[in-house]
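What follows is a single structure, written as structure tokens, with notes after it.
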Amino acid sequence: MMAINVQTLIPLFVAIPLGMSLLVQLVARRRHAVAETLTIITLLALTLMSGLSVGQSGIYHLGGWPTPVGIDMRLDALATLLLLVVSVVGLAVSLYSVDYMRRFTARSHFYSLFLLMVTGMNGVILAGDLFNLYVFLEVAAIASYSLVAFGCAHEELEASFKYIVLGSLSSALILTGVALVYGMTGTLNLAHIASRIAETGMSMPLLLAFGLFICGFAFKAALVPFHAWLPDAHPSAPAPVSAMLSGVLIKALGVYVLARLAFNVFGIGANELSLLRWLGLLSMVAGGLLAVGQKDIKRLFAYSSISQVGFMVLGLGLGTPLGLIGGLYHLVNHAMFKPLLFLNAGAIEYATGSRDLRQLGGLNRQLPVTAATSMIGSMSIAGIPPFNGFWSKLIIVLACIESGFYGFATAAVLVSIVTLAYQLKVQRMAFFAALPEALKDLQREPPMMALAMILLAVGCIVLSFAILTGLRDPWLIGAAQQALTAGIFGG
Amino acid sequence: MSGSRKLRDRGTGMGMTVKTVTRWLKGPILLFGIYLVLYGHVTPGGGFGGGVVIASAFILITLTSGELAGLSIFSKGAASRLDSVGLLIFLILGWLGTWWASGYFFENFISTSETAYHSVLSGGTMPIGNLALGLKVASALFLVFTVLSAFQIAGRAIDGLTDPEEQQREDKS
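Put into structure tokens, the structure is as follows:
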């Protein structure tokens, strides 16, 4: 196999989408086809680059400046896993947007903001220091605020405003945490902070900083009780944006950073793990129960995201290798089936003009690709064997039992049944109920939208086979788990 | 109708004294901004600080002489394009570091002789980077100000048109 110099790739994960975002504004402001093509090519290139980075690691010193002076970018197995997830979902979403966004004006602005959001997420994943992590977090967050408000309707502007206010509050908490860590350790480099904490132990101000980080990043991950923004922001955004927000943004900005800081920087103890487990349990149960009563299909999926993030955080909060594998596997699986479900909801809204389940029905004949892929997505998220969601939830339940947390295991099983209930509700009301008279003459899904949904559905099926590797592979999920269990960064 | 009248009123700007002082000051402010950008690597300042000062010159013109006066010097389209161009130059500069020097993104690939220290040309690629950032920050800040003021004017115009009490007051006056 051709050896790839990973050093040259690391800054390009940020530079390429950022450069293309600017280029779209410059050359494709009124030529929407050019903007679409540039975006798809960019995401394709990022997917290839992420694929080439699998199994590799490295630290990149920007400008050639050594670690204490310059800015570091750090690539390891966990970062590669997240980069791959962001790129693949981004590619599917950019394909879907070609047809879906035709109803909107100023589409080049959409593609520009979309690429800027990808830039921010890639930057967060690769950041080797706390301050750049914060800066890229803001880049992604501000792009997402604009994308939520993209339709400029009353509901979208209100949701975006709520998202900005709560997002800014969480960013302020994170920045205060960054200042405290800098004040106590005298450095912002993640590896250096880790080695200073290993030497001196966790003082009270550092514990406070860690608490601020947990609150701040729990906001970004939409964990209960920090979830209030998500059920408004995700349904209001255009479907491709909802897919990116629920599929990757809450993971890259929330769950990933939380895991990175907890396991690799602060060196997580029993109390912190317990806090993560309880946050996970609360989100899992509350999100699931709130999803059941929803009538708006996208709002239902938004509450479902809160519940599924709970599963991930519960797995990570166990702190055992099996728990971490379960959490990471569920993170990757959720990044496939949740964008798929949001794209399905977008296709339904595109064809019928409604997201209200009570006004839908019988769409399995009218929108066959949406119905088939939605069935795969629903069965995956509900944890029906042999789909990917079943295996990741099973691993999380087994990890709970292995650690002696029988109550958490029981709750995970019960919430899986609740998940099945609300997904069956969607299937029955949208696809299998009697077809309303008004929906008799619907047009089928446009080809690019169908292609994107098929791509993600195939992704769900492919990920189901990941269980055959035992998930202790040295490349992706197994390697990412090892990156977390290896403990804090070396100097 | 009241909305369009308000727009015209606002466009006339402030009094003659303020406008005259602004006419005198805009040149030195611009010059100071350019100085801060160019000498950012040897004195306090740089692309961001200098860009903010440059933008403040255009914002001052807008505040004293009205939106149209500001936009006639620095149009929204030009500001938007320069905003993208500035950051693109900065990125290309970073990429050239990878290509020309020993392989690191943003590596300073222009060598400087010892006699050039403390002069404009002593920073290698840094003055170019500062220029690019200055361009970006000045354009972006001016755009933010223009867009926010446009929203405010539009909001007032809409309020003026839809608020019946204000409409009655306007009619009486």
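Chain order of the listed sequences is A and B. For the first sequence, the working numbering assigns the number 572 to the initial residue and increments by one for each residue that follows. For the second sequence, the working numbering assigns the number 13 to the initial residue and increments by one for each residue that follows. Glycine included, each C-beta is placed from N, C-alpha and C at the ideal position. On a predicted model such as this, the values are computed, not experimentally measured, just so you know.
Remark: fewer than three beta-carbon pairs, one from each stretch, lie closer than 8 Å, so the region 618–628 of chain A and the region 668–679 of chain A are not flagged as touching. In this structure, the straight-line span from the alpha carbon of LEU687 of chain A to that of SER114 of chain B is close to 28 Å.
HIS680 of chain A and ILE611 of chain A have their C-alpha atoms some 15 Å from each other. Take the alpha-carbon of LEU133 of chain B and the one of ALA152 of chain B: they are about 27 Å apart.
Leaving aside the five residues that flank PHE1002 of chain A on each side, the residues in its chain whose CB is nearer than 6 Å to its CB run, in chain order, LEU934, ASN935 and ALA942. Between PRO1018 of chain A and GLY917 of chain A, the beta carbon gap of about 15 Å keeps them out of contact (Cβ cut-off 8 Å). Contact annotation: LEU801 of chain A and ALA793 of chain A have beta-carbon atoms nearer than 8 Å. Judged by beta-carbon spacing, GLY141 of chain B lies beyond the 8 Å limit of ILE122 of chain B, meaning their Cβ atoms are not closer than that value. Linking ALA714 of chain A to PHE685 of chain A through their CA atoms gives a straight-line distance of about 7 Å.
GLU920 of chain A is positioned such that its CB atom lies closer than 8 Å to that of ARG926 of chain A. Sorting A:LEU1042, A:LEU779, A:ALA724 and A:GLY894 by C-alpha distance to the C-alpha of LEU746 of chain A places A:LEU779 at the top.
In the DSSP annotation of this structure, the continuous segment of the alpha helix (DSSP H) that includes ARG678 of chain A starts and ends at 678–697.
TYR977 of chain A carries a helical assignment under DSSP once its states are collapsed to helix, strand and coil.
Residue contact check for ALA720 of chain A against chain B: no CB pair falls below 8 Å. DSSP places GLY622 of chain A inside the alpha helix (DSSP H), whose first and last residues are 603–624. Neighbours of THR110 of chain B in chain A, taken as residues at a C-beta separation under 8 Å, are given in chain order as THR579 and PRO582. Judged by their CB atoms, HIS905 of chain A and LYS964 of chain A are not nearer to each other than the 8 Å cut-off. With a contact defined as Cβ atoms closer than 8 Å, MET883 of chain A and VAL826 of chain A qualify at about 5 Å. Between the alpha carbons of THR1040 of chain A and TRP962 of chain A lies a distance of about 12 Å. With the criterion set as a beta carbon lying under 7 Å from some beta carbon of chain B, the members of the region 621–649 of chain A are HIS632, LEU633, GLY634 and GLY635, in sequence order. The beta carbon of ALA862 of chain A is closer than 7 Å to those of LEU871, TYR874, SER875, SER878 and TYR993 in its chain, skipping five residues each way along the sequence.
Assignment of ASN120 of chain B by DSSP, reduced to helix, strand and coil, places it in the coil class.
DSSP, reduced to helix, strand and coil, places GLY109 of chain B within a helical segment of the structure shown. In the three-state DSSP reduction, LEU1047 of chain A falls in the coil class, being neither helix nor strand.
Straight-line measurement puts the Cα of LEU832 of chain A at about 19 Å from the Cα of GLY1049 of chain A. DSSP places TYR631 of chain A in the uninterrupted beta strand (DSSP E) bounded by 629–632. If you compare the alpha carbons of B:GLY62, B:SER87, B:GLY61 and B:PHE60 with that of ILE73 of chain B, the shortest gap goes to B:SER87. For a Cβ distance threshold of 9 Å, nothing in chain B lies close to GLY894 of chain A: the least Cβ distance comes to about 37 Å. Spatial neighbours of TYR734 of chain A in its own chain (CB-CB distance under 8 Å, excluding positions within 5 residues in sequence) are listed in chain order as SER715, TYR716, VAL719, TRP800, ASP803 and ALA804. For THR923 of chain A, the closest of A:THR944, A:PHE1036, A:PRO1007 and A:GLU709 by C-alpha to C-alpha distance is A:PRO1007.
No Cβ-Cβ contact shorter than 8 Å links ALA606 of chain A with ILE587 of chain A.
When the beta-carbon positions are compared, PRO910 of chain A and LEU1027 of chain A come within less than 8 Å of each other. Judged by DSSP in its simplified three-state form, MET28 of chain B adopts helix. Any Cβ of chain A closer than 8 Å to the Cβ of GLY136 of chain B would place that residue at the interface, and such an atom is absent. ALA823 of chain A and GLY78 of chain B have their C-alpha atoms spaced approximately 44 Å apart. Check the Cα spacing between SER739 of chain A and each of A:VAL659, A:PHE721 and A:TYR705: the tightest is with A:TYR705.
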